[in-house]
Every structure is written in structure tokens, then in C-alpha cells.
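Those protein sequence lines, which keep their order, are chains A and B.
The letter at position 110 of the first sequence is residue 1390 when you use the numbering used here, and the numbering goes up by one with no holes.
The letter at position 127 of the second sequence is residue 271 when you use the numbering used here, and the numbering goes up by one with no holes.
Heads up: the structure comes next, in C-alpha cells.
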Amino acid sequence: LNAIDFMDEARTTVATLAEECRSGRLDAFERLYRLQGGRMKSVAYHLLGSIPDAEDAVQEAFLRIYKGAGGFRNEAGFIAWVYRILVNTCHDLRRRKQRRPESAPEDRAGNRENTPLALALAQALARLDERRRMVFLLFEAEGFAHTEIAAILQITEGNSRYLLHQAKRELQEMLG
Amino acid sequence: MQDWEQEARGLRKEWESPDLWPRISEALERERRPRSSRWLLAVAAGVAFVIGLSSVWILTHTARPRVTVATPNLLTQQALDDVESSEAAYLQSIDKLAKLASPAVEMPQTPLMQAYRDKLDLLNGAIAELRVQAKSNPLYAQVRVQLAALYREKQETLQDVLDAQKNP
Chain A
1281 LNAIDFMDEA RTTVATLAEE CRSGRLDAFE RLYRLQGGRM KSVAYHLLGS
1331 IPDAEDAVQE AFLRIYKGAG GFRNEAGFIA WVYRILVNTC HDLRRRKQRR
1381 PESAPEDRAG NRENTPLALA LAQALARLDE RRRMVFLLFE AEGFAHTEIA
1431 AILQITEGNS RYLLHQAKRE LQEMLG
Chain B
145 MQDWEQEARG LRKEWESPDL WPRISEALER ERRPRSSRWL LAVAAGVAFV
195 IGLSSVWILT HTARPRVTVA TPNLLTQQAL DDVESSEAAY LQSIDKLAKL
245 ASPAVEMPQT PLMQAYRDKL DLLNGAIAEL RVQAKSNPLY AQVRVQLAAL
295 YREKQETLQD VLDAQKNP
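Structural data, given as C-alpha cells:
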């Protein structure tokens, strides 16, 4: 597949998935989990700072997606909508638990070594304003484009670029 | 690119969660189950109600001539007064409930509310018909009994609507 065919196929897959989720098919939700579950867990982890909380958030987000999918009409924005629900769920969970993410999220995932640079970066990120940190993590760690980040965080694309720029400048000051 | 930027690319957290999908799937199943059982309940109630209504109709339309000719089950004036006062109490209660339930019933937002609305329409039709019969023969007990049953059914249905509003 060339790049254009690949993108077309990806769009069709997402549109089909959105349609199937809208009709309440459980197998469609399972496919959504297989496709996005890993990244959803990671995003939730960045927001909540612990693996059990992140998993709870993903579970609750799926329930909200299931309840809301019937009324969802914009297939093209389905994935961004899924992450918007996840981010809102994380905020709700955090409010419910009245707990802020720890200054440096615990690394129980064990998939990266805690090098001095990694620790310094985690500490610097924790000192960033939440919106800047989220834009930075969604862009750099999770690989979302600014259009998607704008849809997920309900900000403009320009604002997403600006917040990323600000985040990088502050990190540069702290780490550079 | 700075070292920390390179490091940031690797910030995505990955871990195995073998029990997460089963948990989600179970939660989704649970969410689905009450919906279908609610539907079944509404359909079963509808079917039972239609059967009941048909029986009432058959009784009133087929039994009446025989009853008037043979030994009609007639009320005394005292019994009629009691029945009428009990009907008035029902009507008062129904009026109150109907006012409370009217926004949900007039603009049903869910299939369950739509089912309640259909049921209430059926009940209103049957009540109107029986009231005409009761007016033309006020002392005929069977019609009064059926009318009271329909009032009770309407009162309970309105109460169900209000309960469903409180616990959607």
C-alpha cells in the first residue's frame, strides 16, 4: 500500500468502526479496544499517575462511549471523540478521588529505564501547567497531530501549537 | 533535537492488562442487559394490557344484552354514591399525576416513555368508551368495576412514568 491508499483505508476502517459502535455491537468495541486501548491507557496514565487509576478510567470511558455512541454522527472525528471522553473521564475520576497526579508519575509499567534524564524530564513535566503538559504529551509521546489534539482538548489548532511551543520552551529552560 | 526531546518520544507507557478487556466487556454487557430487560418488560406489559383490554371489551359488548335481559348486576343508589365518590378520588389523583408526568409523556425522549405514552393513549380511549356506557346505565355494576380497574391502571402507569423519570 502506498501512503495515500493506507490513509484511505485507515479512514474507512475508522468510519466503519464508528458505525458499528453506534449500533451497539460489542465486537466493535472490542476492536476499538485492540486498536486504541494501549494508547488510551497511556493517556490516562499521564493524567492520573497510576496504573490502576488509568485502567479504571479506560473502563469507565468505554462505558461512556457505549452509552453515547448511538448519538454520535461525525465518523471522521470518532477517535478524537473517544479520547475527549477519556480525558473528561480522567478529570472526573481525579475530582472524585480528590487526588492530584504525583509530581513524577510512578513508573510501574517498567518498560523504560529510570535514567537520570528520564527522571529529570518527568519532574520538569510535572512542573508544567496542565494544559501545556497534556499538549506536549499528546503530541510527543502519543503521536497525535495538532488537529486531533485540538479536537480532544476542545481548543483551537493554533492554540495547540502555541501550548506545545510554550511547553518546549519551559522544558528547555528547566533541562537545557 | 535535544536529548530530552528524544527522551520525550519514549514517554508512552505500555503495560499488559490481560483482565482489562474482560472487565470492560462485562461492564458493557451489564449496561446492555437492563436495557433489553426494560424493553421486554415494557413489551410484556403492553401485551398483557392489550389482552386485558380486549377481555374488557368482549365482556362489555357481548355480555350486556344478556345481562339486562336476565339478572342484571345492578347497584343500589347507596352503592352508586360510594362508587362515584371513589371514582372522583381516583380522578383527582390521576389529574395530579398527569400534570407531573405530562412533560415526559408529551415529548417522550426514550423508547420506554414512548411505550408508556402509547399505553396511556389506549387507556384514555378505553376509559372514554366505558364512561359513555356508565353514563347511559349508571347502575350497571360490571361497567363500574371495569372503569375502576382502568382508573387504577392509569394511576399506576402515571406513577411508573414518574418513577422512570426519577430513575432513568
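For glycine and all other residues, C-beta sits at the position ideal for the given N, C-alpha and C.
Chain A has no Cβ within less than 8 Å of the Cβ of R288 of chain B. Per DSSP, W1361 of chain A is one residue of the alpha helix (DSSP H) stretching across F1358 to K1377. When 7 Å is used as the limit between beta carbons, R177 of chain B is near no residue of chain A, the shortest such separation being about 12 Å. Under the 8 Å Cβ criterion, the region 1363-1372 of chain A counts as touching the region 1331-1346 of chain A, having at least three qualifying pairs. Under the Cβ criterion (8 Å, minimum of three pairs), the region 164-172 of chain B does not count as touching the region 1425-1440 of chain A. Secondary structure in the region 1294-1321 of chain A: no alpha helix (DSSP H) run of 4 residues or longer lies completely within the stretch. Under the Cβ criterion (8 Å, minimum of three pairs), the region 1322-1331 of chain A counts as touching the region 151-161 of chain B. Within chain A, L1306, F1309, F1342, L1343 and Y1346 have C-beta atoms less than 8 Å from the C-beta of L172 of chain B, given in sequence order.
Residue contact with chain B for E1335 of chain A: present (Cβ-Cβ distance below 8 Å to some residue of chain B). Excluding sequence positions up to five before and after A292 of chain B, its CB lies within less than 8 Å of the CB of V227, S230, E231 and Y234, all in the same chain and listed in chain order. Below the 7 Å Cβ cutoff, chain A contributes no neighbours of A186 of chain B, its closest Cβ being approximately 18 Å away. The Cβ neighbour count for A1298 of chain A, taken over all protein chains shown within 10 Å, is at least 16; the residue is labelled buried. A residue is called buried once 16 or more other Cβ atoms fall within 10 Å of its Cβ, and K279 of chain B, having fewer, is exposed. G1456 of chain A belongs to the set of residues whose beta carbon lies under 8 Å from a beta carbon in chain B. The C-alpha of E250 of chain B is placed about 48 Å away from the C-alpha of D1409 of chain A. Taking C-beta atoms under 8 Å as the contact rule, R1344 of chain A and I1359 of chain A fail to qualify, at a distance of about 15 Å.
Closest in C-alpha terms to A152 of chain B, from the list A:F1424, A:E1420, A:E1437 and A:G1456, comes A:E1420. At least one beta carbon of chain A lies nearer than 8 Å to the beta carbon of A152 of chain B.
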